[in-house]
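Notes follow once the structure below has been shown.
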Amino acid sequence: MKGYKINLLRHGQTEANAQGRYIGVTDEPLSEGGEAELLEKYEKHPYPKVPRVYSSPLLRAVQSARILFPQSEIIIADGLREMDFGAFEGLKAEELINLDSYKGWLKGGIDNPPPNGESVRELTARCYNAIDSIILDMMRASIFNAAVLTHSGIMMNLLSCFGLPKLDPMAYACGAGEGWEIHVTAMMWQRDGIFEITGRAPAFS
């Protein structure tokens, strides 16, 4: 049975990332330092050669895809955009810590979104639809090796909800331009909605 390999990678740093701000739907570009960091990693590490990259529509992800996969076709997948932090968007934790709404959100829960933001339940449904569309597109196009450029929150949700082994989302935290390789077959996905997490990506020495 044919298998499909996907390198699931995090975009490069932006100014808001460096400042520790919640940046979700804000369409901020890579910082100069973030772009330089990705270029250095591209020079030093063996990113796979893939015919197609599926990218979040946000500029920081698209720019990262162009740096890390300069020869690949880039397909925009709207479902790969970062979580909507609502009223917390663009702010730092220290700016929010005294707000009851922020304290309530930090307690967690799948139906406990930030004010005017996105819940974990909504995010998970969106993530499922996004990866389902990507896997089905790869099957239709007979593409057996692809990459995904997205955001930390999206990666951790995808890997912890649909990946094996089952780990805490924070176990899948990674740096800019880094991520995880997953392997899936048609039977695994269509029957069980799961994929196998096979290691870090790229293969750092």
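End of the sequence shown = 218 in the working numbering, gap-free, step of one.
Think of the CB as a built atom: it goes at the ideal place given N, C-alpha and C, for glycine as much as any other residue.
- Contact fails between the region 34-45 and the region 206-216, because fewer than three Cβ pairs, one in each stretch, are under 8 Å apart.
- Considering only Gly-16, Tyr-185, Ile-87, Lys-54, the residue with the shortest C-alpha distance to Leu-71 is Ile-87.
- With contacts defined as CB atoms closer than 7 Å, Tyr-17 and Met-151 qualify as a contacting pair.
- Cβ-Cβ distances below 8 Å link Leu-51 to Gly-25, Leu-43, Ser-77, Ile-80, Leu-81, Ala-189, Gly-190 in the same chain, with the five nearest sequence neighbours on each side left out; the list follows chain order.
- Ile-110 sits exposed, since fewer than 16 C-beta atoms from the chains shown fall within 10 Å of its C-beta.
- Rounded to the nearest whole angstrom, the CA to CA distance from Leu-22 to Ala-216 is 12 Å.
- In this structure Ala-143 touches Gly-92 by the C-beta definition: roughly 3 Å separates them, less than 8 Å.
- Judged by beta-carbon spacing, Gly-130 lies beyond the 7 Å limit of Phe-175, meaning their Cβ atoms are not closer than that value.
- Restricting attention to Ser-165, Ser-68, Leu-162, Asn-170, the CA atom closest to the CA of Arg-139 is found in Asn-170.
- If you look at Asn-158, you'll find it in the beta strand (DSSP E) that goes 158-163.
- For the pair Asn-30 and Ala-214, the CB atoms are not nearer than the 7 Å cut-off.
- In this structure, Pro-59 sits away from Ile-156, with a CB-CB distance that is not shorter than 7 Å.
- CA-to-CA, the gap between Ile-148 and Glu-48 works out to about 29 Å.
- Judged by DSSP in its simplified three-state form, Phe-101 adopts helix.
- DSSP places Lys-57 within a helical segment (H, G or I) once states are collapsed to three.
- In the three-state DSSP reduction, Glu-131 falls in the coil class, being neither helix nor strand.
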